[in-house]
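Down below is the structure, laid out as structure tokens.
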Amino acid sequence: MKKYVLASLIIFIASLIACTKEKEQIEQDPTLGLIKITEGYANGASAKVVVYCNNANISTGYTRFYLALFDSISGNRIEDAEINLTPKMDMGTMTHSAPYENPSSTRAERHLFPCSVTFVMPSASGNWTLKVDIKNIGAGKTGSFVFPVTVSDPVLSRQKSFTANHNGAKYFISLIEPTKPKVGINDFEIAIYKKVSMMSWPADSSLSVMITPEMPTMGHGSPNNVNPIHIQNGHYKGKVNFTMTGLWRLNLDYMSGTAVADTTQYFDIEF
Amino acid sequence: MKKHILLFLCSMALGSLAAQTYTSTMSDDSSRLIQLKEVLIKSNSKSQLQQLINYYKFNNAATLEDIISRLPEVSLQRRGAYGMEPSIRSFSAGQINVTIDGMRIHGACTDKMDPATIYIEPLNLESVQVQTGNNGFIAGSVIGGTLNMKMAVPDFGASKNISGSVISGYQTAAQSVYEAFQLNFKSGRMAIRGTGTYRNANNYRSGGGQIVPFSQYEKINYSLSAKYQLNQFTTIKTDLLADDGWNIGYPALPMDVGYAAARLGSISLEQLKNERLLNKWQVKLYANTVHHFMDDTHRPNVLMHMDMPGKSKTLGAIFDASLKLGVKSQLQLKADGSSTFLKASMTMYQPWQLPMYMLTWPDNRKDQVGTGVVWQLKTDSASELQFATRIDFIQSSLISTAAKDQISVFGYSANNRIDFLKNISVQYSKKVNVPFKITSSISYSERIATASELYGFYLFNSNDSYDYIGNPSLKNEQAWQSEVSGIFNNKYYRFKLTTFYAHIRNYILGTINPAVSSMTIGAKGVKSYQNIPWANMASLEGSIVCRPMEFAEIASTLRYNWGAADSGEPLPYISPLKNISSFRIKYKAYSLQVESESALSQNRKSRFSGEDATAGYFLVHTRIGYVFHFKGSQFQLQSGIENLFDKQYHDHLDWGNIPRPGRNIYIQTKLIF
Ligand SMILES: [Cu+2]
Ligand SMILES: [Cu+2]
């Protein structure tokens with residue numbers, strides 16, 4: 219009897235050890251879950267550029283791009299590069315740019331260079347192109363790659379703008395988070411840009427933001443929301459609570475000090 | 003002369019022990035046992051007298067609710083014609099245990115439409131036990147006592163191998179039908195008992211003639227129980243019970259029940275030895291599930307259609323033993339464990355939009371193990387001491403990511419909570435002189451918050467129009483209670499008077515939370531469950547049963563409840579002074595009963611719970627019965643008029659001031675073979 223107990227104990231412990239033994243770390247494909255949009259060569263920089271996005275369809279608003287660079291001859295990854303974006307929309311009678319964020323470092327992040335463009339209108343009103351200037355640091359060469367982007371309007375807009383009451387300037391607001399809304403507490407993130415000229419759309423950190431979610435169909439709100447505050451580069455982070463699934467309206471009030479900049483804008487989220 | 007005065011007093015007493023329903027054995031002071039068992043099946047002795055004594059015969063169609071509402075300790079919160087929620091001395095929900103043969107079962111409705119009492123039909127009920135004070139917590143840590151429904155068991159002792167009964171009845175108030183049968187089969191070491199009950203009621207007519215919409219219901223209940231004798235002392239028993247309800251209306255609520263189903267099963271091993279130490283013991287394993295689907299499709303003017311399904315699953319085991327420590331000393335042991343899973347959700351539909359979904363009971367589980375002991379000691383020939391204690395370990399947990407995410411809305415911790423609950427009591431009883439016995443007890447007990455109180459998510463209470471939100475950090479309620487009762491007993495009458503007082507710390511109450519906006523359209527706001535520092539409760543219960551003559555019997559009960567929060571505000575759902583009295587005559591095959599039911603007005607209303615004052619009422623019910631025998635079978639014919647004067651009334655505990663049924667004429671037949 220004792221023997222059996224002992225034997226089963228040993229088996230039990232052995233299986234525990236077997237189960238907890240660490241699995242070998244296999245490096246995951248850095249582009250897993252991303253979708254390839256296009257690829258091409260940055261002539262002069264001897265680099266091949268592969269462009270990835272989170273979604274196949276690019277819509278108006280804040281859009282993250284992930285650039286993978288390869289040596290155009292050896293095919294090896296380029297891990298050090300200085301990248302500059304220039305988004306441009308040609309509307310026939312005029313052209314304008316859009317807010318964008320270059321990769322924050324010249325060093326690739328898990329082999330990719332993350333960056334973003336905020337498309338302020340859909341391709342229906344003109345043609346978008348994104349120019350990527352690349353300085354291949356290792357090779358000491360410079361070149362650029364230009365590709366067209368088709369931008370559509372999503373069902374529920376993630377991009378809003380207003381002309382501020384306090385200074386008459388035009389501000390563009392992008393909804394970044396939540397991307398996967400759930401019942402419960404969610405991260406909330408927006409980016410605020412100010413249109414200075416057709417070609418200059420810098421990030422803005424001067425406004426303060428107040429968030430008030432509501433369910434328009436039911437007329438109720440939600441408790442314990444955290445107003446977004448400026449973190450960096452025009453990004454504001456806070457928390458939003460959803461007490462149920464369905465259509466939610468996130469009312470946002472913008473203030474400049476004590477002056478009201480705008481109280482008319484909101485984002486709708488449905489899940 | 004003395005006898006005459008007593009007689010006079012008896013008949014003066016306004017109320018009665020629920021007449022048709024039970025013969026009360028007031029032997030134990032802190033527990034009340036009501037025998038409903040049909041004598042015919044219970045024992046071999048089929049004396050005419052015993053059969054006549056059985057009050058139950060008076061109204062075969064009585065529901066369990068009708069029966070327990072007559073008990074002086076029990077009140078019912080009424081939301082519809084069906085599914086009334088029992089309370090013991092104004093303790094309700096998580097403050098009391100409502101068990102079936104000791105088994106725990108949790109309703110699957112966030113609106114408490116399905117108390118455990120709906121699953122037991124009088125036909126499959128052997129007795130109802132109400133334990134308060136001293137013993138109230140033995141079946142599980144609670145502060146308000148235990149209501150246990152003991153299911154009828156297959157009968158080895160029946161004189162015939164196959165016996166049974168068939169009942170059929172009709173009532174005018176709801177144009178309702180009642181059909182039921184019961185069969186007992188025995189052969190050698192085996193006995194099997196099966197029952198089936200069908201009820202179908204339309205909207206009932208209230209006093210004055212108004213029809214109460216959404217008071218209909220339809221249900222079917224069936225049970226099968228088999229018992230096998232392994233040897234002289236040991237039996238093994240299995241019980242199965244199923245209950246299905248359809249289209250059950252709740253006039254006081256914004257929704258009805260589309261379909262509700264409960265399935266209960268258990269297997270138990272019982273040993274009865276008259277040995278010196280281990281007298282008898284029993285082990286039981288059980289499982290049950292409840293599914294509940296609320297429905298608003300029949301309601302007019304529904305702004306937004308919604309679905310509210312809920313389910314509950316319970317698994318458990320119980321061990322009971324009784325030990326004889328000596329001639330004067332006896333010990334009862336109990337150990338039990340259970341695990342209850344609950345989940346309920348709400349989905350609202352708005353055309354052209356995605357459905358709005360939330361968990362009203364986020365997936366949660368309560369795991370409990372506990373053990374209790376009652377030690378009875380006869381200190382001398384006239385007095386007895388009783389000590390009781392119980393401890394419980396309870397783990398409450400949210401078991402899905404969605405549930406944990408949802409509780410984060412209010413910033414609450416989604417961690418498991420573990421509670422250790424302690425209960426203890428001491429009781430002393432003494433026969434002061436031969437017919438008079440006095441019993442007093444003092445106890446300390448604790449209870450944990452219910453799933454709704456811990457995790458409820460915007461549970462709309464239509465009585466006060468607030469959405470209720472749970473609070474997982476609620477402290478346990480702790481109660482100090484004392485109870486004194488006197489029993490006066492002689493050949494002609496039995497009189498019992500009990501007073502009770504409780505001081506409850508950390509009393510759990512919904513308090514307005516202005517920081518949160520309500521979810522339900524039309525709700526006044528949101529209440530969060532909070533512990534208030536304390537509340538006090540008291541009650542007075544009296545009952546008289548007397549038989550001045552061989553053929554006449556008078557029974558009367560009186561009860562008064564009182565409760566106040568620390569602020570001095572009255573507590574909600576407190577019954578005013580109530581009395582039920584009945585006078586019965588049985589002569590040969592005939593019986594006649596006149597019953598009165600009365601309540602004083604309740605002006606101690608709980609303002610924070612949105613209560614209003616309730617007027618008193620006085621009702622008269624009459625019942626007649628006739629019994630005859632035919633070729634070894636017995637045939638019973640019963641008829642009666644309830645609410646004879648067609649009074650329009652409602653009770654203080656009724657939600658929404660919905661009037662109760664008006665004049666109701668019923669007729670029933672029962673064949674016992
Ligand atoms: Cu809602
Ligand atoms: Cu329900």
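So the sequence lines, in the order shown, correspond to chains X and C. Going by our numbering, the letters in the first sequence line up with residues 219 to 489, in that order. Going by our numbering, the letters in the second sequence line up with residues 3 to 675, in that order. Ideal Cβ positions, reconstructed from N, Cα and C, are used throughout, including at glycine.
A heavy atom of ligand 2 is found nearer than 7 Å to the CB of H294/C. Remark: the shortest separation between the CB of M350/C and any heavy atom of ligand 2 does not fall under 7 Å.
The nearest non-hydrogen atom of ligand 2 is less than 7 Å from the C-beta of V259/C. S454/C: not part of any beta strand (DSSP E); member of the alpha helix (DSSP H) spanning 453 to 457, first to last residue. Within the same chain, Cβ atoms closer than 6 Å to the Cβ of R81/C are found at Y252, A254, L255, W657, the five residues on either side in sequence being excluded. In the three-state reduction of the DSSP assignment, W419/X falls in the coil class, being assigned neither a helical nor a strand state. Among the residues of the segment 412 to 434 of chain X, those with a Cβ less than 8 Å away from any Cβ of chain C are M433, in the order of the chain. Relative to ligand 2, the beta carbon of M115/C is positioned inside 7 Å of a heavy atom. Following the DSSP letters along the chain, one finds A193/C inside the beta strand (DSSP E) bounded by residues 192 to 203. Counting the other CB atoms within 10 Å of its CB gives Y592/C a total below 16, which places it among the exposed residues.
Contact of A404/C with chain X by beta-carbon distance below 7 Å involves V401.
Proximity of the beta carbon of C111/C to ligand 2 is indicated: a heavy atom of the ligand is located closer than 7 Å. Against chain X, the CB of S519/C has a partner CB under 8 Å away; the residue lies at that interface. Assigned with DSSP and collapsed to three states, Q231/C falls in strand. Proximity of D407/C to chain X, defined by a Cβ-Cβ separation below 8 Å, is satisfied.
In this structure, N186/C sits away from A228/C, with a CB-CB distance that is not shorter than 8 Å.
Residues V486, L542 of the same chain have their beta carbon placed closer than 6 Å to that of T501/C, with the five preceding and five following residues left out of the count. Per DSSP, reduced to three states, the secondary structure at K254/X is strand.
Looking at the DSSP output, D245/C shares a beta bridge with N223/C, A264/C. The criterion of a C-beta distance shorter than 8 Å is not satisfied by G211/C and K649/C. As for any beta strand (DSSP E) of minimum length 3 sitting wholly inside the segment 87 to 144 of chain C, the runs are 87 to 90, 99 to 102, 127 to 133, ordered along the chain. Against chain X, the CB of G413/C has a partner CB under 8 Å away; the residue lies at that interface. For S410/C, the chain X residues whose Cβ falls inside 7 Å of its Cβ are G402, I403, in order along the chain.
T463/X carries a coil assignment under DSSP once its states are collapsed to helix, strand and coil.
Two segments are said to touch when three or more pairs of C-beta atoms, one from each, lie closer than 8 Å; by this definition the segment 360 to 367 of chain C touches the segment 331 to 349 of chain C.
Against chain X, the CB of P357/C has a partner CB under 8 Å away; the residue lies at that interface. With contacts defined by Cβ atoms closer than 8 Å, I401/C and K368/C do not form a contacting pair. Within a 10 Å sphere around the beta-carbon of M307/X sit 16 or more other beta-carbons, which makes this residue buried.
Rounded to the nearest whole angstrom, the CA to CA distance from S94/C to Y280/X is 55 Å. Take L226/C, set aside five residues on each side of it, and the residues of its chain with a beta-carbon closer than 6 Å to its own are G196, L242, in chain order. The residue from V335/X, E257/X, G258/X, N272/X with its alpha-carbon nearest to that of K398/X is N272/X.
The residue among I291/X, K266/X, S424/X with its C-alpha nearest the C-alpha of A387/X is S424/X. For the set L356/C, G634/C, S268/C, N508/C, the Cα lying nearest the Cα of R106/C is the one of S268/C. Excluding the 5 residues flanking it on each side, T452/C has same chain C-beta neighbours closer than 7 Å at A95, G96, in chain order. Using a Cβ-Cβ cut-off of 8 Å, Q532/C does not count as an interface residue toward chain X, since no Cβ of chain X sits closer than that to its own. A straight line joining the alpha-carbon of A316/X with that of Y389/X spans about 12 Å.
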